[in-house]
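>
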Amino acid sequence: MRRALPTLLASAALAVAQQNPPAESQNAPQQPAQNAPQQPAQNAPQQPAQNFPQPAMPFPARPAPGGAQGSGGDQSQSAAPAGGSNFLGKDVPFFDPGSNIASWDGKNWNISNNALFQARFEKFLNAPAATTESDSEYQALLGEIMDKLAPGKITPRSTDEAFQDLAKASRYQQDSHLCDSIASQVYSAWLSRKSNDRLNAASKGLEDERKRLEWNARLTAEATKLEGGGSSKSKEGGPNPQQQQQQLSRDMQMQPIVTRLAEVNALIRANQLKREVAELQVKIDFQSLIVQHFLQRRFQHAVIGTRFYRSIFADGDSQLRIGEDAKNLFAKTSGLPPNMGTIDSLANEIMGDVREAIQAFKFLLEKNELESATKRLAETFMLGEYLPEVRTLAREDKRKALAFVQKSNQLISAIQVKDYSLAEKLVTQLGETAKDFDASKPMAAIETAKQISAMHIAKARNAAVSGDKQTLEAELKAATEIWPRNPSLNEVSKMIFSQADVQSRAMVDFDQLVSQKNYRQVYEDRMRFIAATAMYPEKQEQLRKVLEDMQVIETALIQAQEIEKRGDYAGAWESAEKAFRNFPDDNKLNQVRANLTTKAADFVHAIRQAEELEQKNQPGSSLSWYLKAQNVYPPSDFARQGVERLTKQILPDAT
Amino acid sequence: MRPCDTVIRGVARRSKKSRLPLGIIIAIALILAAFLGSRFFLTATSQPFRTATPLDVQTYLENANSLRGNVYKLEGEVLNSLGWSASKGRLIAVGVDNGRQVVPVLVTTDFSHINIQRGQRFIFLLEVDDKGILRTKDMTKS
């Protein structure tokens, strides 16, 4: 938890920056920088000419920086809008160091993996090292100030010198006028102290006047007692008129004295109260500034502020009087009492920690362990972005980390957009550049996604083959959602689309051939139509009927050809004729039948004559022809059936 | 020269070469005529239904309806029995013209006493009924 608080504070600062990005360059440095020179310039010459109530300062009308220090912690709480303070959200921030997840105000985010942090970190990694002469002078100046204010070395003179150095430090660009704000606050505190001295002087004068008035009152009372000692009472036993007159005169003398005495007492109490309130206000303003610097990770400025604070308010009262939320930030997360000492020690500890982390980063970089090095640098940067050890880091070293960070971010993006091909390539590259890169997690994610996608594609293929359109769509959708840029998906889609094209063309051909009764062509292309009608049950049924009929035709043709080979032309013709009567539109059958007709002309003629006469209701002649046909080709079914049929007609009761 | 003159001169030469008696020739001619006449007479008187017209099978095959009501004579060989009805008789296939043509003949119940078997030859006196069926009016073995 020692590291948790600084990290949390740093993340808090980031979040504050997120809500109000240029915080460090707007509110903190500018306001004091503008007000500081003006306030002393305006007020300082005027105040001595004013009456003592004037230094009461405008504290009720001007809220303290940060918005939580209006008039002490309790007041700030009561002044907060309904629902709680809005200084640091409604809840105390919580940081889980195990997962780097910070929870704050109902929101969770990874402190090292968010857009703002990444942007700032990349900017830092690309920035040159702050090793210019100006940077060195600035850092030396800050070190000198801290040294002058260090416990054990601090003297009124060194304090004055440190105060003068603040003005010098604020001239540097990298200071962002933060030293100005500290100087302004120190100056305000000193003015407050001077005002208190004047109040004390005024109070002393009032005290003298009070003593004088009390003396006068006592003398007046005693004089009255002496005057009234001789004449005691009137004849009637009550006070005589003379006494009454004297009492009235005494009362009239005492009245202004008592009135003035009351006024003086009230003024003394008022001055006392004003002095206490003014000092408290200055303390609150100062503490707010220090806490603000701490949260902005300007730890050097926070240390300088605490040391000035202690030198100014040497009464031993270092308790933080900022809002409860801010106090809880220190108290509940560090377990330390919320006072100036806590801030000072935390800031010093963080600066030491940052120094160690930078050394660790350099060592890891030497060992080519870029992942750890980058993580340490990111953590260190988040904490000590403005500390000299971080600012002076060599750009070459940072660029190495930058390359790793860029690829890592690219990997995260690739996984987020489910581009697993790119992600796999990046994992390989990262593994080559960073010895300590742990590829297990990304590879597990990549492989799992690939495998699930492949399973869905396999199911989609099966569904396409079986004609299950719904499953096909569902599986393709699932595969696309898991791995949108899966190359196999593209191939399958192309295959299905081309298949769909072939299929639709085949379906058009099928319908056309069926309408033309060209079942022979359907039979010839049956494989194409079987595949094409796979997803259309009604077409499938139609095709099945066509193929069954064609099977009958083909069987008849084969049979006719076999019979013909034996020289039995009548039998061959009869076989073809049987099929022809059921399927008169088949060209091949028709052709074979025609050929056989010429070869079995007598038989065919007899059968046709018989049928024709039968239709003309001439059973005698018809039967003669059937008998003739039967005589020519005894096994003829046509002749036999015709004879039986006509015999039955002639002899209905024949047995 | 005309052709008839040549014939006359030829006959004259033959008559000179073979002078057979004219009486012998006439006798032979008479004998021959008597023989042939007797043969014709015997044949004509022994053939049944000689007055009936033979059935023109070809016409029957083409349009039996045109022959309805007529009575014809037909001689043929029984090829097959097509059916038998107790009320109407037996329908048989008769081969004519050496089996080149086959016609159905309905042997009515009037001739139930005749055993009709395949290969037998019969002479039928047939009537073409209203449906063109050849019904036997008479029949006899040939």
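Sequence order for the protein chains is A and B.
Numbered per the numbering used here, the first sequence spans residues 1 to 655.
Numbered per the numbering used here, the second sequence spans residues 1001 to 1142.
We treat Cβ as the ideally placed atom computed from N, Cα and C, and that holds for glycine.
If you reduce the DSSP assignment to three classes, tell me which class A:Trp-573 lands in.
Three-state DSSP puts A:Trp-573 in a helix.
> Mind reading off the beta-carbon distance from B:Leu-1082 to B:Gly-1095? Whole number of angstroms is fine, and I expect it under 8 Å.
With a Cβ gap of about 13 Å, B:Leu-1082 and B:Gly-1095 do not count as contacting.
> According to DSSP, is A:Lys-211 helix, strand or coil?
Reduced to three states, the DSSP call for A:Lys-211 is helix.
> Can you confirm whether B:Asn-1063, when its beta carbon is compared against all beta carbons of chain A, has any partner nearer than 9 Å?
At least one chain A Cβ lies under 9 Å of B:Asn-1063.
> Compare the C-alpha of A:Phe-437 against each of A:Arg-395, A:Ser-372, A:Ala-403, A:Ser-493 and name the closest.
It is A:Ser-372 whose Cα lies nearest to the Cα of A:Phe-437.
> Ordered along the chain, which non-local residues of its own chain (more than five positions away) have a Cβ less than 6 Å from that of A:Pro-53?
With a pLDDT of 35 at A:Pro-53, under the threshold of 50, the modelled position of that residue is not reliable, and no figure is offered here.
> Got a sec? Which residues, its chain only, sit under 6 Å from A:Glu-389 by beta carbon, not counting five neighbours each side?
Once the five neighbours on either side are set aside, the close Cβ partners of A:Glu-389 are Val-354, Arg-355, Ile-358.
> Does A:Gln-542 get closer than 9 Å to chain B when you measure Cβ to Cβ?
Judged by the 9 Å Cβ criterion, A:Gln-542 is not in contact with chain B.
> Does the beta-carbon distance from A:Gln-540 to A:Val-514 come in below 9 Å?
Not a contact, by the Cβ cut-off of 9 Å.
> Would you say the stretch 453-461 of chain A touches the stretch 396-404 of chain A, given that touching needs at least three Cβ pairs under 8 Å?
No: the two stretches stay apart, fewer than three of their Cβ pairs being nearer than 8 Å.
> With a threshold of 8 Å, are at least 3 pairs of Cβ atoms found where one atom belongs to the stretch 252-261 of chain A and the other to the stretch 270-282 of chain A?
No, the stretch 252-261 of chain A does not touch the stretch 270-282 of chain A.
> Going by the C-beta, is A:Val-604 closer than 8 Å to any heavy atom of the ligand SAM?
This structure simply doesn't include the ligand SAM, nor any ligand for that matter.
> Using three-state DSSP, classify A:Tyr-187 as helix, strand or coil.
In the structure shown, A:Tyr-187 sits in a helix (DSSP, three-state: H, G or I).
> Express the C-alpha separation of A:Asn-108 and A:Leu-295 in angstroms, rounding to a whole number.
If you take the alpha carbons of A:Leu-295 and A:Asn-108, they lie about 19 Å apart.
> Just checking: is the beta-carbon of A:Trp-625 within a distance shorter than 9 Å of some beta-carbon in chain C?
Although the question refers to chain C, the structure presented lacks it and instead comprises the protein chains A and B.
> Take A:Asp-501 and list the residues in its own chain whose beta-carbon comes closer than 8 Å to its own, dropping the five residues that flank it on each side.
Contacts found: none.
> Step through the CB atoms of chain B and report whether any lies within less than 9 Å of the CB of A:Asn-631.
Answer yes: the Cβ-Cβ gap between A:Asn-631 and chain B drops below 9 Å somewhere.
> With DSSP collapsed to three states, give me the class of B:Leu-1079.
The answer is strand: DSSP assigns B:Leu-1079 an E or B state.
> Go ahead and pull the three-state DSSP assignment for A:Ala-82.
Annotation note: pLDDT 40 at A:Ala-82 (below 50); position unreliable, coordinate value reported separately. Of the three classes helix, strand and coil, the one that applies to A:Ala-82 here is coil, per DSSP.
> Suppose the cutoff is 7 Å on Cβ atoms and the five residues either side in sequence are ignored; what does the same chain contact list for A:Thr-480 look like?
Within the same chain, A:Thr-480 has close Cβ partners Leu-489.
> Please name the residue in A:Asp-208, A:Glu-538, A:Gln-247 whose C-alpha comes closest to that of A:Glu-222.
Checked all of A:Asp-208, A:Glu-538, A:Gln-247; the closest Cα to A:Glu-222 is A:Gln-247.
> Counting only beta-carbon atoms, is A:Asp-637 nearer than 9 Å to chain B?
Answer no: the Cβ-Cβ gap between A:Asp-637 and chain B never drops below 9 Å.
> Please work out which residues of its chain come closer than 7 Å, Cβ to Cβ, to A:Leu-213, disregarding the five sequence neighbours upstream and downstream, and give them in chain order.
Cβ neighbours of A:Leu-213 beyond the five flanking positions: Ile-257, Arg-260, Leu-261, Val-264.
> Check this for me: beta carbons of A:Leu-402 and A:Gln-410, under 9 Å apart or not?
No, the Cβ-Cβ distance between A:Leu-402 and A:Gln-410 is not below 9 Å.
> Checking contacts by CB at 9 Å: is A:Ala-531 closer than that to chain B?
No - not a single Cβ of chain B is within 9 Å of the one on A:Ala-531.
> Can you confirm whether A:Pro-537, when its beta carbon is compared against all beta carbons of chain B, has any partner nearer than 9 Å?
Not closer than 9 Å to any Cβ of chain B, the Cβ of A:Pro-537 fails to qualify, so no.
> Using CA atoms only, rank isn't needed, just tell me which of A:Arg-321, A:Phe-603, A:Asn-631, A:Ala-302 is closest to A:Leu-142.
When only C-alpha atoms are compared, the closest one is A:Ala-302.
> Beta-carbon within less than 7 Å of A:Glu-660's beta-carbon, same chain only, minus the 5 sequence neighbours each way: which residues are those?
Lying before the first or after the last residue shown, residue 660 of chain A is absent from chain A, which here runs from 1 to 655.
> I'd like to know if the stretch 1112-1121 of chain B and the stretch 1069-1079 of chain B are in contact, where contact means that at least 3 CB-CB pairs between them fall below 8 Å.
Verdict: yes, contact present.
> Since B:Ile-1123 sits in a beta bridge, which residues does DSSP pair it with?
Its beta-bridge partners are B:Glu-1075, B:Thr-1140.
> Run through DSSP, which three-state label would A:Leu-387 get?
Note: A:Leu-387 maps to coil in three-state DSSP.
> Name the chain B residues that come within less than 7 Å of A:Ser-656, Cβ to Cβ?
A query on residue 656 of chain A cannot be resolved here, the shown segment of chain A reaching from 1 to 655 and no further.
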